[in-house]
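One structure is given below, encoded as structure tokens.
Numbering (this note's numbering), first residue to last: 11 to 208.
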């Protein structure tokens, strides 16, 4: 009989909760702007991911922000830009908006489900190891994955032995979800007066 690792069910629910939060924001932005991101090339999306991850690392190192937006909203943005990157990889970029919001949401849901499925498989093998990691490590792993994507983009997306750009985007999304989960847990612990980790 196989046993589920401790907290696996919690992880799945927490992952789904974060992805729903991201989807809600994505849907609202579709109402405001439409699928304007259809114009972006994947290299530009990679740079956008880089900017967000660099800001997180800067806030972690400096410990203060001059713009009133913290680390967790940046992880949420990374998740959404990562999914947009996957859509653009599959569809290519457009010269003008060519996608209705309902189609964009269907694609979003498809890639969100793929990210969840990947997390479940990896979490089974790694046995909840992500819970013992520091949030700053997720940031470093995301920056490392972004650097790999940049190298692949320079090589026209054709790796010799490594994972492709899409796999790296998926890993970036999942690390960002873990970061968002842990930061929410830390906020809840502080609200309860309990000591919280990083």
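Beta carbons are placed, not taken as given, at the ideal position from N, Cα and C, and that holds for glycine.
A check of alpha carbon separations from residue 114 across 193, 47, 166 and 148 identifies 47 as the nearest.
Beta-carbon to beta-carbon, residue 187 and residue 25 are separated by about 6 Å, close enough to satisfy the 8 Å threshold. If you draw a straight line from the Cα of residue 21 to the Cα of residue 140, it comes to about 10 Å.
The region 114-134 makes contact with the region 83-98, as at least three CB pairs between them are under 8 Å.
Taking a cut-off of 8 Å for Cβ pairs, the region 176-183 and the region 71-82 do not touch, as fewer than three such pairs fall below it. Note on geometry: alpha-carbon atoms of residue 200 and residue 193 lie some 11 Å from one another. Around the CB of residue 197, fewer than 16 other CB atoms lie within 10 Å, so the residue is classed as exposed. When C-beta atoms of the region 120-128 are compared with those of the region 29-43, three or more pairs fall below 8 Å, so the two segments count as touching. Short of 8 Å from the beta carbon of residue 126, and not among the five residues preceding or following it, lie these beta carbons of its own chain, in chain order: 22, 25, 26 and 29. In this structure, residue 64 lies near residue 153, with their beta-carbon atoms less than 9 Å apart. Remark: C-beta atoms of residue 156 and residue 104 do not approach each other more closely than 9 Å. Counting along the chain, no alpha helix (DSSP H) covers residue 108, and no H or E run does either.
Its Cα nearest to that of residue 160, the residue 53 stands out among 62, 137 and 53. Here residue 164 is exposed, its C-beta having fewer than 16 other C-beta atoms within 10 Å.
In the structure shown, residue 172 adopts coil according to DSSP, grouped into three states. Of the residues 130, 57, 132 and 51, the one whose Cα lies closest to the Cα of residue 98 is 51. Nearest to residue 69 by alpha-carbon distance, out of 134, 129 and 145, is 145. In the three-state scheme derived from DSSP, where H, G and I count as helix and E and B as strand, residue 77 is classed as coil. According to the DSSP assignment, residue 156 belongs to the alpha helix (DSSP H) that extends over 145-164.
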